[in-house]
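Student: Here you go, one structure.
Number of protein chains: 2
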Amino acid sequence: MEFHLLKPLLKEANTKIIFLIMDGIGGLPRKQDNKTELEAAFKPNLDVLASEGTCGLQIPVKMGITPGSGPGHLAVFGYDPIVYQVGRGVLAAHGINFDLQQGDVAARGNFCTIDSNDIVTDRRAGRIPTEKSIELCRILQENIHIPHIEVFVRNEKEHRFLLVLRGDGLSSHLHDTDPQDIGKKPLEPRALQSDAEYTARIVYQFVDQAKKILKDQLPANMVLLRGFSVKPSWPTMKECYGVKSAAIAAYPMYRGLAKLLGMHALDTGETISDEITTLKQHWKEFDFFYVHIKKTDSRGEDGNFEEKKKVIEEVDQFIPRLRALNPDVIVVTGDHSTPSEMAAHSWHPVPVLLWSKHCRPDNVVQFGERACITGSLGPQFPAVDLMTLALANAKRLDKFGA
Amino acid sequence: MEFHLLKPLLKEANTKIIFLIMDGIGGLPRKQDNKTELEAAFKPNLDVLASEGTCGLQIPVKMGITPGSGPGHLAVFGYDPIVYQVGRGVLAAHGINFDLQQGDVAARGNFCTIDSNDIVTDRRAGRIPTEKSIELCRILQENIHIPHIEVFVRNEKEHRFLLVLRGDGLSSHLHDTDPQDIGKKPLEPRALQSDAEYTARIVYQFVDQAKKILKDQLPANMVLLRGFSVKPSWPTMKECYGVKSAAIAAYPMYRGLAKLLGMHALDTGETISDEITTLKQHWKEFDFFYVHIKKTDSRGEDGNFEEKKKVIEEVDQFIPRLRALNPDVIVVTGDHSTPSEMAAHSWHPVPVLLWSKHCRPDNVVQFGERACITGSLGPQFPAVDLMTLALANAKRLDKFGA
């Protein structure tokens, strides 16, 4: 529902909503037993939630469209991902608390490996450790010089870094230099619109200097850039939904995304247990909690069915601690599917369960892709409607019209 | 479907459509047997209709949005309730045949009870009988005097009345004075837009005088106003769908709503039997019949599961009389859900059955919330599409394109 239609219906309520986002949760069946990761997992607590609640499958963007992490999350939070587009650069900046200013152009960088013919052989430079990446960022920061432009190179996590260009007349309308595949050369910096010709030349200088500086740093002997973007100005969750919201996410990018929506990004640890502890510690301060589980997606992207299944099983064990907080609404879903079999994000609908004290239970008794097809939310419903439904279940909406 | 797309497809047919609207039909399961009102009711005739027809659940406005009666009905009749918005005042005026003129501002009034601190203790003044309300309306009509303004106070039914203000420079952009809850004071008349400052002062005078006049009339010692509105000008059912339509509704507000869409509001009695008799009497004159059952909603709002179930069982017994008329299409649904457990309108999807001589039956053999989930209309389809589907089943639409 569009925010301006929702606004007059918002009302105060002393209720709490949890969105448990298991990144890339949806999967595909493996051969041996024809079960997906979610179907194969032993997850009695999620299954109880499903049988007490309402289930379905959501479409983050459009049927057949594979969402990136940004659009997938925005949709789940009720922000139409076609209207609210943001580049990875801005997400990266928010994730590491970089103070992005109006006019800055940000990009997400990867250290990568190229061979003697400039062909990319590893897009992630063997996932070099964060310490190594910090050192390489410092070297780039100290040695790259571009006239009239202030350059910031900051480590994000592992092989990932943030590049920010600051100066007059910059534009983010640039094509990625990341070819998105091994066996290809990095792409030349290229303007998507004519206002970005100058910026394309700046980026060319950055990449050219970086390549020279990194030439002896195998496996991290080159950089790839993507998601050139500028800071957006969007309505906050408070403005749209009247909720005081907190994000609990171990990974910087997801904290960054949450902050773009005005969520308070809470400090937390690396593990699921740390995240649930953080949830409990801040339970009284907020009324909407976004809890992000990264490893379902990571293991899916690794193509590791068994490990993705284990992450789901681990999450399941924390459900009793989550219910013990006495939330009014629990939504469990993902930002997209990441089938291990494909080792990549996919377009497949994402399983959802919505549990609340006032939901109308359907006949679904298992939280799985095929079980959810017959749920009352439907097998293909728009993810952007989920937030309105959660607010309704939390009794935070007045009726529409007389 | 937008009206301009439908218009070129309309064709004449000697077919008849019945929309049987059971107000607030959808519910939630009670604890004792995990059944909703509709699931618990003995309704063999509706179940036969369901098994011969197609079923599903509709969303009147948007997922998670709780519709008022107006938007819920408009949606079922194919009028997008976000585009076609009307206040309760206008509905009330139409319902009692008050000849609302351009520039008039109408509001729905309730007689209510306030204590010595002006706190509302009963928003409906104990549902005073209509005779008492008629007398109080007469007293207000005779004793309220506001310079330059003509005031009309007319009884609607029980504690409900219509207020119409007539004069130059009036605006309906006013906040309700009804606080929508007991334990609160009536709200001060307040302009929502600056063009209504003058009208807010007029309403203040009305409320102030009414309070003095009613001070010894316990339990009806105060008034609450809501739904300030002016007469809209909408396309009629005839213009949109080519049907000659009649409304059969015991309650004034629903006749009012029907008249806004150009339906002919037939005189009828208080009971379901009276309504079905009226249907039979006028069967030859019209080709679209809207039959409204109020008490499913009333008993739901009372929180009375057993009585709501009984109303459904009563309606069921009239289905054979309805089928004996040999209609071409029968649609049974509601304008929204009113679960007894919540004693209020809710956002939950509304069960629908569409029976016709040309429908494609699905596997649903019971008319109930969970049975309808697997129906061929889907578990979450937009109510505004229902009317087009009914016209198709009545063979009143040509094909689209060559």
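Protein chains in written order, with this note's numbering: chain L, 1 to 402; chain F, 1001 to 1402.
Heads up, the beta-carbon is just placed ideally off N, CA and C, and yes, glycines get one too.
Against Asp389 (chain L), what residues of chain F qualify as contacts under a CB-to-CB distance less than 8 angstroms, listed in chain order?
Tutor: Per the sequence shown, residue 389 (chain L) should be read as Leu rather than Asp. Residues of chain F with a Cβ closer than 8 angstroms to the Cβ of Leu389 (chain L) are, in chain order, Met1063, Gly1064, Trp1347.
Student: By Cβ distance below 8 angstroms, which residues in the same chain neighbour Ile134 (chain L) in space, the five residues on each side in sequence not counted?
Tutor: Closer than 8 angstroms at Cβ, skipping near neighbours: Asn155.
Student: Between the Cα of Lys7 (chain L) and the Cα atoms of L:Arg138, L:Ser51, L:Glu239, which residue gives the shortest distance?
Tutor: L:Glu239
Student: Can you tell me which of F:Gln1180, F:Glu1131, F:Pro1147 puts its alpha carbon nearest to the alpha carbon of Lys1157 (chain F)?
Tutor: F:Glu1131
Student: Considering only C-alpha positions, which residue in the set L:Phe367, L:Gly89, L:Gly24 is nearest to Leu163 (chain L)?
Tutor: L:Gly89
Student: With DSSP run on the structure shown, which of helix, strand or coil describes Ala1343 (chain F)?
Tutor: coil
Student: Would DSSP call Met1264 (chain F) helix, strand or coil?
Tutor: Correcting the residue identity first, residue 1264 (chain F) is His in this sequence and not Met. The three-state secondary structure of His1264 (chain F), taken from DSSP, is strand.
Student: Please go through the stretch 1274–1306 of chain F and give each complete beta strand (DSSP E) segment of 3 or more residues, from N-terminal end onward.
Tutor: 1288–1293
Student: Closest to Ala1343 (chain F) by CA distance: which of F:Asn1304, F:Gln1102, F:Asp1287, F:Ile1065 is it?
Tutor: For Ala1343 (chain F), the nearest C-alpha among the options comes from F:Asn1304.
Student: How should Gly1375 (chain F) be labelled, buried or exposed, when 16 other C-beta atoms within 10 angstroms of its C-beta is the threshold for buried?
Tutor: buried
Student: Helix, strand or coil: which one does DSSP assign to Cys359 (chain L)?
Tutor: DSSP, reduced to helix, strand and coil, places Cys359 (chain L) outside both helices and strands of the structure shown, so it counts as coil.
Student: Whose CA, out of F:Val1061, F:Asn1326, F:Asp1080, F:Asp1118, lies closest to the CA of Lys1280 (chain F)?
Tutor: F:Asn1326
Student: Please list, in chain order, the chain F residues whose beta carbon lies closer than 8 angstroms to that of Phe381 (chain L).
Tutor: Met1063, Gln1380
Student: Alpha carbon to alpha carbon, how far is Phe1003 (chain F) from His1336 (chain F)?
Tutor: 23 angstroms
Student: Have a look at F:Lys1310, F:Val1384, F:Leu1391, F:Leu1214 and flag the residue whose alpha-carbon is nearest the alpha-carbon of Met1022 (chain F).
Tutor: F:Lys1310
Student: Within 10 angstroms of its Cβ, does Ser229 (chain L) collect 16 or more other Cβ (buried), or is it exposed?
Tutor: buried
Student: Cβ of Leu377 (chain L) less than 8 angstroms from any chain F Cβ?
Tutor: yes
Student: Between F:Asp1118, F:Ala1247, F:Leu1009, which has its C-alpha nearest Glu1188 (chain F)'s C-alpha?
Tutor: F:Asp1118
Student: So what does DSSP say about Leu1225 (chain F), is it helix, strand or coil?
Tutor: strand
Student: Tell me which same chain residues have a C-beta within less than 6 angstroms of the C-beta of Pro1081 (chain F), skipping the five on either side of it?
Tutor: Val1061, Pro1071, Leu1074, Ala1075
Student: Apply the 10 Å Cβ neighbour rule to Glu1039 (chain F) and answer buried if 16 or more other Cβ atoms are within range, or exposed otherwise.
Tutor: buried
Student: Can you tell me the Cα-Cα spacing of Lys1184 (chain F) and Ser1116 (chain F), whole angstroms?
Tutor: 12 angstroms
Student: Between which two residues does the alpha helix (DSSP H) harbouring Gln1101 (chain F) extend?
Tutor: Per DSSP, Gln1101 (chain F) lies in no alpha helix (DSSP H) and is assigned neither H nor E.
Student: Check Gln406 (chain L) in the structure and name its three-state DSSP category.
Tutor: Summary: the structure shown does not reach residue 406 (chain L), with chain L confined to residues 1 through 402, and so no result is reported for it.
Student: Using the three-state DSSP reduction, which class does Gln58 (chain L) fall into: helix, strand or coil?
Tutor: strand
Student: From the DSSP output, which residues share a beta bridge with Pro1382 (chain F)?
Tutor: F:Ile1059.
Student: Whose C-alpha, out of L:Gly300, L:Phe318, L:Met222, L:Leu397, is nearest the C-alpha of Val291 (chain L)?
Tutor: Shortest Cα-Cα distance from Val291 (chain L) to any of L:Gly300, L:Phe318, L:Met222, L:Leu397 involves L:Phe318.
Student: Distance check for His345 (chain L) and Glu301 (chain L), CA to CA, integer angstroms please.
Tutor: 7 angstroms
Student: Pull up the DSSP beta-bridge partners for Phe1161 (chain F), would you.
Tutor: When beta bridges are read from the DSSP output, Phe1161 (chain F) appears opposite F:Gly1109, F:Asn1155.
Student: With a Cβ-Cβ cutoff of 8 angstroms, do Gly78 (chain L) and Gly1378 (chain F) count as a contact?
Tutor: no
Student: In three-state DSSP terms, what is Val86 (chain L)?
Tutor: coil
Student: Against chain L, which members of the stretch 1065–1084 of chain F pass a CB distance test of less than 9 angstroms?
Tutor: Ile1065, Thr1066, Pro1067, Gly1068, Ser1069, Gly1070, Pro1071, Gly1072, Leu1074, Pro1081, Ile1082
Student: Can you tell me the Cα-Cα spacing of Trp1355 (chain F) and Pro349 (chain L), whole angstroms?
Tutor: 32 angstroms
Student: Span of the beta strand (DSSP E) holding Phe19 (chain L)?
Tutor: 17–22
Student: Determine, using beta carbons only, whether Thr1338 (chain F) comes closer than 8 angstroms to chain L.
Tutor: no
Student: Is the CB of Pro1029 (chain F) under 8 angstroms away from at least one CB in chain L?
Tutor: Yes - at least one Cβ of chain L is within 8 angstroms of the one on Pro1029 (chain F).
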